[in-house]
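Trainee:
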Amino acid sequence: FAAEAFAHANKIDKRVWGRPGAKIGLVAAGKNWLDLTHALSLLGIDAAEAERLGLTTYKVGQTWPLDMRGFHDWAEGLDLIIVVEEKRKLIEVQVKEAIFDDRRGRRVYGWKDGKGEELFPVRFALNPVMIATKLGEILTEEGRGTESVKAALVQLEQAVKADNAEDIAARLPYFCSGCPHNSSTKLPEGSRAYAGIGCHIMAMWMDRETSGYTHMGGEGANWIGEAPFSTRDHVFQNMGDGTYNHSGLQAIRAALAAGSNITFKILYNDAVAMTGGQGNDGGLTADRIAREVLAMGVQRVALVYDPKEDLDLDAFPREFSRHTRDDLMKVQEELRNYKGVSVILYVQTCAAEKRRRRKRGTFPDPDTRVFINTDICEGCGDCGVQSNCVSIVPVETDLGRKRAIDQSSCNKDYSCVDGFCPSFVTLTGAEIRKEASAEIDIPHLPAPALPTINGTWNIVATGVGGTGVVTVGAVLAMAAHLDGKGVGMMEMAGLAQKGGAVQIHCRIGNAPGDISAIRVAAGEADALIGGDLVVSAGSKTLGLLAGGRTGAVVNSHEIITGAFTRDPDFRLPSGRMHLALEARLHEGLSFFDATELSRVLMGDTIFSNIMVLGAAWQRGLVPLSEAAILDAIALNGAASERNQRAFEIGRWAIVHPEQAARLVEGNVHHKPLSLDEKISLRADHLTAYQGRGLARKYLRLVERAEGDDLREAIAKAYHKLLSYKDEYEVARLHLASADKAREQFTGDFQMTFHLAPPILSKTGADGRPVKRSFGPWVLRLFRLLARMKRLRGTPLDLFGYSAERRMERALIRQYEKDIERVFKAPDAARDAALALAELPLSIRGFGPVKAANAAKAAKRREELLAVIAAGGAEMRKAAE
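Position 617 of the sequence shown, counting from 1, maps to 666 under my numbering, and the rest follow consecutively.
(1) Judging by CA-CA distance, which residue of E911, A766 and K899 is the nearest neighbour of E887?
(2) Looking at the unbroken beta strand (DSSP E) that takes in F473, where does it start and where does it end?
(3) Measure the alpha-carbon distance for D846 versus L840 and round it to whole angstroms.
(4) Just checking my contact of F831 with A787 at CB under 8 Å: how many whole Å lie between their CB atoms?
(5) May I ask which residues mark the beginning and end of the beta strand (DSSP E) holding H57?
(6) Just to confirm the assignment: which complete beta strand (DSSP E) runs, minimum length 3, are found wholly within the segment 340-404?
(7) In the DSSP assignment, find the beta strand (DSSP E) that holds K314 and state where it starts and stops.
(8) Does DSSP classify K820 as helix, strand or coil?
(9) In angstroms with no decimal places, state the Cα-to-Cα distance between I425 and G894.
(10) How many angstroms separate the CA atom of K838 from the CA atom of E540?
(11) Alpha carbon to alpha carbon, how far is E445 from K357? Give it in angstroms, no decimals.
(12) If you drop the 5 nearest sequence neighbours on each side, which residues of the same chain put their C-beta closer than 8 Å to that of L724?
(13) Applying the 10 Å Cβ sphere with the 16-neighbour rule, what's the burial state of V279?
(14) For I508 versus A576, is the C-beta distance shorter than 7 Å?
(15) Could you spell out where the beta strand (DSSP E) holding N287 opens and where it closes?
(16) Spatial neighbours of N685 within its chain, please: C-beta separation below 7 Å, excluding the five flanking residues on both sides.
(17) Should the segment 228-244 be called in touch with the segment 629-641, which here means at least 3 C-beta pairs below 8 Å?
(18) Measuring CA to CA, which of G70, M117 and G433 is closest to R101?
(19) Going by the beta-carbon positions, is the gap between A529 and G669 smaller than 7 Å?
(20) Using the beta-carbon count (16 or more within 10 Å), is Y293 buried or exposed?
(21) Looking only at C-alpha atoms, which of A322, S391 and A320 sits nearest to L352?
(22) Check whether the segment 170-189 and the segment 84-91 are in contact - that is, three or more C-beta pairs closer than 8 Å.
(23) Taking C-beta to C-beta, are G699 and M660 nearer than 7 Å?
(24) Mind checking Y777: buried by the 16 CB within 10 Å criterion, or exposed?
(25) Between A665, E911, E573 and G517, which lies nearest to Q207 when the distance is taken from Cα to Cα?
(26) Tell me the residue span of the beta strand (DSSP E) that contains Q799.
(27) State the start and end residues of the unbroken beta strand (DSSP E) segment that holds M539.
(28) What number of angstroms, rounded off, separates the C-alpha of T411 from the C-alpha of T736?
(29) Following the continuous beta strand (DSSP E) through L638, name the residue where it begins and the one where it ends.
(30) Please report the distance separating the alpha-carbon of K235 from that of M253.
(31) Can you tell me the Cα-Cα spacing of A918 and L730, whole angstroms?
(32) Considering Cα atoms alone, identify which of A709, R694 and E726 is closest to E645.
(33) Mapping the DSSP letters down to three states, classify Q739 as helix, strand or coil.
(34) Tell me, to the nearest whole angstrom, how far the beta carbon of F613 is from that of P443; I am working on the premise that it is less than 8 Å.
(35) Which value, in whole angstroms, describes the spacing of the CA atoms of P617 and R817?
(36) Return helix, strand or coil for Q456, following the three-state DSSP convention.
This is the structure:
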């Protein structure tokens with residue numbers, strides 16, 4: 050080969066350590082070369098020690114074709130060649146070919162060792178600790194395991210044993226707020242979809258009956274082979290526009306040729322979003338895809354689009370039926386009964402691209418924002434089910450956990466409004482309050498003692514994709530360069546730009562030559578800059594930390610994961626995560642709520658990661674000068690002055706933790722209440738809800754309870770049942786919507802309420818009442834309804850005759866009877882009695898959502914009553 054001759058002539062592959070006459074040779078390329086050199090350092094082997102042990106190393110610069118002559122010359126006289134290579138073996142097979150005619154007993158280890166056992170696996174990535182352990186064992190077997198090598202193996206074994214932490218919580222990548230795939234990947238009941246290459250692959254872990262994926266362009270080809278042997282008659286196949294453009298159109302043609310019953314959902318989001326939002330090659334447009342699939346011979350085609358976007362429907366062929374995204378389910382139900390290949394072209398712009406383009410002024414930016422009145426919200430989670438949106442976040446109130454919209458991440462998709470709940474209000478003309486709610490004068494802060502670098506100083510930074518954690522790595526790398534130091538930095542993100550876990554590995558040396566591998570290995574981290582509690586306490590991070598060596602500053606704020614969109618009761622196990630970090634690091638760990646401090650002092654949470662960096666620097670965990678870090682922030686160019694201020698606030702927070710904590714705590718609206726305060730609060734609420742008589746009725750039952758746990762359960766559950774949110778109550782609570790909205794927004798905004806009033810609401814395709822929009826004029830009606838609350842439950846209560854209101858009143862009567870059973874429950878059934886007392890707390894929501902939750906609660910009630918009855922029978926039997 051000419052390429053082989055070129056490599057030989059230019060000495061692209063070369064011997065690095067050792068000299069002719071060595072007996073063991075080590076071969077690697079690229080990342081694995083860095084891993085190999087770092088592994089040797091973990092074994093205490095440098096160039097001189099390698100030569101003394103009879104080792105030589107060979108760095109491959111051109112992996113294919115291998116310079117056969119150069120390699121043959123280097124391998125002359127070797128007894129053993131060890132090829133360090135991960136995943137598919139490319140170099141190993143060429144090495145064996147290079148020495149095939151002249152082996153003379155030489156052994157080659159790579160994928161397997163001399164015993165035929167796995168050495169360097171073909172799956173996942175190698176790391177320096179694994180390589181060092183394997184090499185140390187081989188050197189010992191070959192009689193070259195010195196005492197220092199054996200001691201190093203003991204240390205490595207201890208590091209590996211310490212790398213055994215479990216994952217307490219997972220931060221999986223998730224669709225961005227307002228992502229088209231939140232809607233496009235939904236399926237009708239009983240259907241199944243295949244995944245493919247693209248962001249939409251994340252539907253696989255979202256309980257959407259989506260499974261299986263192929264290489265790019267193979268989408269749907271697996272069904273061609275599977276269909277003849279499956280009892281299923283039809284599947285959907287998701288395919289991104291980038292994949293379609295690359296090679297997916299061939300899969301559609303193959304399905305046509307095979308006569309498959311399959312519906313391709315081509316998800317056109319106008320960007321190759323998975324890899325950073327590039328445009329489609331060749332200027333691919335949605336209408337061009339439409340014409341191409343028709344030209345292929347697809348007979349049944351449908352266009353589904355977001356009506357908020359300015360799509361030119363006339364550009365699409367008339368053969369395409371046109372539907373808004375609200376009709377997606379109906380379209381899918383029709384096409385799954387179609388025999389042959391059909392196509393749904395789902396057109397909606399990528400949410401991340403919308404955000405970028407809006408900043409540049411090249412995409413329409415609706416002047417409307419969504420606001421949730423938490424007084425009305427029941428915390429049922431239906432808004433999350435409908436939208437699958439991670440901008441819906443939990444908010445703790447004195448009356449329980451509710452929902453709110455994270456305005457900093459909201460992409461104005463508005464599908465959350467489809468949640469069957471009257472708490473949603475849209476505000477036109479509102480602007481997010483960005484001003485800080487508190488100010489501090491930062492006094493002179495003592496300069497920290499910067500750490501001494503011996504070899505390399507190893508830093509791990511963690512965070513959530515999309516929150517600026519990658520900026521921390523960029524700032525560290527530039528600051529090291531400005532300080533004249535060597536630096537190696539890598540981002541371990543994967544799909545993390547979609548809200549998943551991010552790890553930054555950064556090694557800083559006094560000179561570039563001091564750095565071999567970039568990845569920080571088990572137990573090697575000197576500092577942890579923890580921008581997210583979940584990722585910091587994850588097993589992949591904990592394994593890098595070592596007590597007595599690692600210092601850490603971690604953001605203690607609970608940043609919710611995507612699991613909250615599907616599970617209304619999901620909570621982060623923050624206590625366990627704190628304990629996991631404390632058990633590993635002991636006194637080397639510091640926590641502070643950087644997210645809330647950033648919001649209070651900066652008016653935006655985006656500065657929290659830089660605050661954690663500032664705190665870590667002040668603690669002496671970053672071996673870089675303050676001037677270099679501040680200059681690096683300025684060079685980054687994004688809100689540089691505010692980021693520099695955030696860095697200084699982080700320094701201040703770690704020096705004055707009590708003052709920082711008071712700022713955060715003073716901004717929390719709902720402080721923990723005592724049990725008596727909780728009861729009093731609910732009694733006052735019932736007075737405002739209906740009158741003093743209802744409050745007295747409530748207190749009479751609560752005061753009969755014995756034991757704080759039962760008393761609290763009844764206090765919460767009975768209050769919830771008594772204060773059901775009918776039309777009068779929703780109207781009363783919405784009268785305060787404007788005041789509540791002004792806590793988050795400024796401007797002369799106009800409110801629109803989204804309600805499904807009885808009689809006026811038609812039934813949608815999903816069988817649920819369709820919500821309607823009402824302008825600010827409805828406030829006059831709300832005032833009238835609020836004054837009519839005393840009609841509640843009387844014969845004049847026209848709303849009280851609905852099935853939902855009758856159910857709510859029946860639940861009150863049923864609960865009062867059940868509590869009498871609870872009071873008489875035997876000790877053996879105490880847990881069941883307590884569960885029965887708090888069962889109504891699970892009956893959340895409105896309309897069909899509440900009815901479904903009530904049905905689940907009814908089933909659970911029967912189970913608990915049976916346990917209580919059985920407990921009583923056992924006690925009577927024992928007494929006899």
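Think of the CB as a built atom: it goes at the ideal place given N, C-alpha and C, for glycine as much as any other residue. The structure displayed is predicted, hence computed values, not measured ones.
Mentor: Based on what the coordinates show:
(1) A766
(2) F473 to T477
(3) 5 Å
(4) Actually they are not in contact, since the Cβ atoms of F831 and A787 sit about 11 Å apart, beyond 8 Å.
(5) Counting along the chain, H57 falls outside any beta strand (DSSP E), though it belongs to the alpha helix (DSSP H) covering A51 to A58.
(6) 349-354, 370-373 and 390-396
(7) I311 to Y317
(8) coil
(9) 10 Å
(10) 58 Å
(11) 33 Å
(12) D757, R760, E761 and A764
(13) A quick correction: the sequence has Ser, not Val, at residue 279. Exposed, by the Cβ-count rule.
(14) yes
(15) V284 to G289
(16) T520, A523 and V524
(17) no
(18) G70
(19) no
(20) buried
(21) S391
(22) yes
(23) yes
(24) buried
(25) E573
(26) Q799 to L804
(27) G535 to M541
(28) 52 Å
(29) L638 to F641
(30) 11 Å
(31) 34 Å
(32) A709
(33) coil
(34) 7 Å
(35) 20 Å
(36) coil
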